[in-house]
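Right, one structure below, let's go through it.
Numbering (the numbering used here), first residue to last: 1027 to 1412.
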């Protein structure tokens, strides 16, 4: 810090205006200093108005008035070099206790990012200063705390390492590519069975496989076969995947579109412990494919988080689906586990961070990849489905 008393000589005795000081020669040059006259190496003082809270200095002319130190006219250059060589605030002080030190020049910060990260936020300083003058500002203390928490969360998320999804989309080998091409475009009967899944008794004929061609819509057989493969994957590696239940494409329509609308009895026997080996209350997530005329969507019953989610690759929302599934899971748990579910503690979660399709035929594929990612416990906001 550079203080004016280190550069200026103050007279200890009152200045006699009738005769010039003995240490000055020739005519006197003066500069306005907010009520003070700045001469060479002394202050010819007059009183500062009581209402003045600060004063300003023309530092270029101030340094120019020192012929003993610098050549005439070069005070501004010397002042600039002095400021560039200092990292502190230049302050002018007085002997009068009524006037505290006044900052005149503040050095420009070259790296504002580091200054923000390593210093106290400005809004916090401003808030504390305002509170000392107006007690009503204490009402915004909650907002200040919220900003602090948000800032901390943003810093934490920015530093968090991103998950590696490189193993989620593994390209097919040349041999696999040839086999796929043969199934889609090879010669043979359209009713020839190309794939048979014995545990679920699902058969996929050549004609059914044609839905995997570009710009085609997935059918029930292909979707249900994929879901059966996800079940087998979970059984092979239970520590790697969440404990899930995958309903097939016929479940929701049978549950919600009976003769009288909602019909639990029509699907009551689908989830017996003897058939599944577990009860739905033991699952982390339950996946329900939903077919809306010509569009596939996905509903998720998150047993762990107590939420109902609806994922639509076109961005649609259907609250009726969540209401139907809420009624179903309450009846199902009561019937199979003899327990009551308090649905008042559950809520519908609107999912808006998922990837969307960019055409009119990929809805089935997006639905299946939603299931794939959620069964892994991954966050879709970091992923790109293409």
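C-beta: ideal position from N, C-alpha, C; glycine also.
Among the options, nearest to residue i - alpha-carbon criterion
| i | options | result |
| --- | --- | --- |
| residue 1323 | 1383, 1195 and 1220 | 1383 |
| residue 1215 | 1352, 1226, 1231 and 1206 | 1231 |
| residue 1365 | 1394, 1332 and 1307 | 1307 |
| residue 1395 | 1375, 1203, 1315 and 1154 | 1315 |
| residue 1280 | 1272, 1271 and 1296 | 1296 |
| residue 1318 | 1166, 1393 and 1291 | 1393 |
| residue 1302 | 1200, 1335 and 1258 | 1258 |
| residue 1309 | 1267, 1233, 1197 and 1221 | 1267 |
| residue 1292 | 1278, 1167 and 1180 | 1278 |
| residue 1003 | 1272, 1311 and 1250 | Since the first residue shown for the chain is 1027 and the last is 1412, residue 1003 is missing from the structure and cannot be characterised. |
| residue 1349 | 1262, 1334 and 1251 | 1334 |
| residue 1339 | 1386, 1362 and 1373 | 1386 |
| residue 1391 | 1358, 1246, 1226 and 1359 | 1246 |
Beta-bridge pairing of residue i - partner residues as DSSP gives them
| i | result |
| --- | --- |
| residue 1322 | 1317 |
| residue 1312 | 1271 and 1327 |
| residue 1337 | 1324 |
| residue 1221 | 1230 |
| residue 1287 | 1284 |
| residue 1358 | According to DSSP, residue 1358 bridges with nothing at all. |
Per-residue DSSP class, three states only, for residue i
| i | result |
| --- | --- |
| residue 1204 | helix |
| residue 1181 | helix |
| residue 1270 | strand |
| residue 1383 | coil |
| residue 1226 | coil |
| residue 1249 | helix |
| residue 1175 | helix |
| residue 1199 | coil |
| residue 1395 | helix |
Local Cβ density within 10 Å of residue i, reported as buried at 16 or more and exposed below that
| i | result |
| --- | --- |
| residue 1325 | buried |
| residue 1208 | exposed |
| residue 1370 | exposed |
| residue 1343 | exposed |
| residue 1380 | buried |
| residue 1203 | exposed |
| residue 1336 | buried |
| residue 1099 | Note that residue 1099 has pLDDT 48, beneath the 50 cutoff, so the model's placement of it is unreliable and no number is given. |
| residue 1400 | buried |
| residue 1217 | exposed |
| residue 1200 | exposed |
| residue 1272 | buried |
Range covered by the alpha helix (DSSP H) that runs through residue i
| i | result |
| --- | --- |
| residue 1244 | Careful: residue 1244 lies outside any alpha helix (DSSP H) and carries neither H nor E. |
| residue 1300 | 1299-1302 |
Range of the contiguous beta strand (DSSP E) that encloses residue i
| i | result |
| --- | --- |
| residue 1376 | 1373-1376 |
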